[in-house]
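Numbering of the sequence shown is given in this note's numbering, commencing with residue 31 and proceeding in unit increments. Take a look at the structure below.
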Amino acid sequence: MTLTKEAVLNDIYNLILNPGTRDWERSVLIIAKDELAVTSKVKVPLKKLELALRPLALRSNLTPDLADFYLKITDQPIIKTNIDLAKHTHQDLPYEARAVFAGGCFWCMVEPFETKPGIISVLSGYTGGHVDHPTYDQILGGYTGHVEAVEIIFDTRLITYDALLDLFWLITDPTDAFGQFQDRGEQYKSVIFVADASQKALAQQSKQRLISSGRYEQPIVTEIRDVIAFWPAEDYHQQFYQKQKKRYGKIKKSRQQLIWYLHQKRRLQKFFNRFRKTS
């Protein structure tokens, strides 16, 4: 890809002004901007910028929008999402409804729902907090009250809210009050956000069925809360399972192994509990 000076400067200006850009990242970008402003050659300042960003990029530790910019200046493929944000800001059609679930890292919460028939769109974002337009770093800091979540728009003619709840219980650990699997912290809590009285009743009934099933011996701690503002996450996070297939594959495998381990642990606990009762 041939990068023009004007296009690069425009991207850098936007990143400098982006509230999600870290102070150190911004300082490096300002240096690159100043060097580009006094030269007609783009390659040298960009190479310096790439070298400065590389250590964090290799550890996947750049802020989201800067991570996308790094891919661009290193001529790596950037897979665009096919999410229509307008769908999530406009009023739903008569046969559409929404579900909002928090179940740990939102990277792992998109594919299980998005690949189901009847799902129209799945958007990663932040909700449940008290700060408008939060950034990813603010969420990681855990001081805005937000959790990572997904907003699902679904076709009620093809899939029910109950079916989505059933899937939610399968891919989360509802006994964990301090995160989900390998992701720890308040921002990774398990929460069902309900839009109205009907969803609230269905969520409560579904939770009670899970409790009554005896599947878990520990208390079910997944919260049920009313929906509040849902803030879309940065584009870097959207449909992560499609953009970063290798990285997502490793995370998914690790999560599935932990789910399997917890399932086996529960089976052993039940076996030993029955053994103690009969001995």
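Just so it is clear, CB atoms sit at the ideal spot from N, CA and C, and this is done for glycine as well.
Around Thr111, the same chain offers Asp265, Gln268, Gln269, Gln272 and Lys273 as residues with beta carbons nearer than 8 Å, after the five sequence neighbours per side are excluded.
Distances from the CA of Ala116 to each of Ser151, Ala82, Glu144 and Ser57 were compared; the closest alpha carbon is that of Ser151. If you draw a 10 Å sphere on the C-beta of Glu36, you find fewer than 16 other C-beta atoms in it, and that means exposed. Beta-bridge partners of Glu178 (DSSP): Tyr156. In this structure, the straight-line span from the alpha carbon of Thr93 to that of Gln299 is close to 42 Å. For the pair Asn48 and Asp95, the CB atoms are nearer than the 7 Å cut-off. DSSP, reduced to helix, strand and coil, places Pro262 within a strand of the structure shown. With the rule of 3 Cβ pairs closer than 8 Å, the stretch 271-291 does not count as touching the stretch 147-165. Contiguous alpha helix (DSSP H) elements confined to the stretch 49-110 occur at 53-67, 73-88 and 94-103, taking only those with 4 or more residues. With a minimum length of 4 residues, the unbroken runs of alpha helix (DSSP H) contained wholly in the stretch 225-301 fall at 227-243 and 270-273. Shown here, Phe223 sits in a strand according to DSSP, grouped into three states.
The beta carbon of Leu232 sits closer than 7 Å to the beta carbons of Tyr191, Asp192 and Leu195 from its chain, once the five residues preceding and following it are set aside; these are given in chain order. DSSP links Gly133 through a beta bridge to Ser220. At the C-beta level, Ile183 and Arg128 come within 7 Å of one another. Here Gln210 carries a strand assignment [DSSP, helix/strand/coil]. In the DSSP assignment, Thr119 falls within the alpha helix (DSSP H) that extends over Leu115 to Thr119. Scanning its chain for C-beta atoms nearer than 6 Å, with the 5 sequence neighbours on each side dropped, one finds around Glu144 the residues Val152, in chain order. The shortest C-alpha to C-alpha distance from Phe260 to any of Asp64, Glu178, Lys63 and Lys102 is the one to Glu178. Counting along the chain, the unbroken alpha helix (DSSP H) around Lys35 starts and ends at Lys35 to Leu47.
The three-state secondary structure of Ile189, taken from DSSP, is coil.
In terms of Cα proximity to Val257, the closest of His160, Thr205 and Lys280 is His160.
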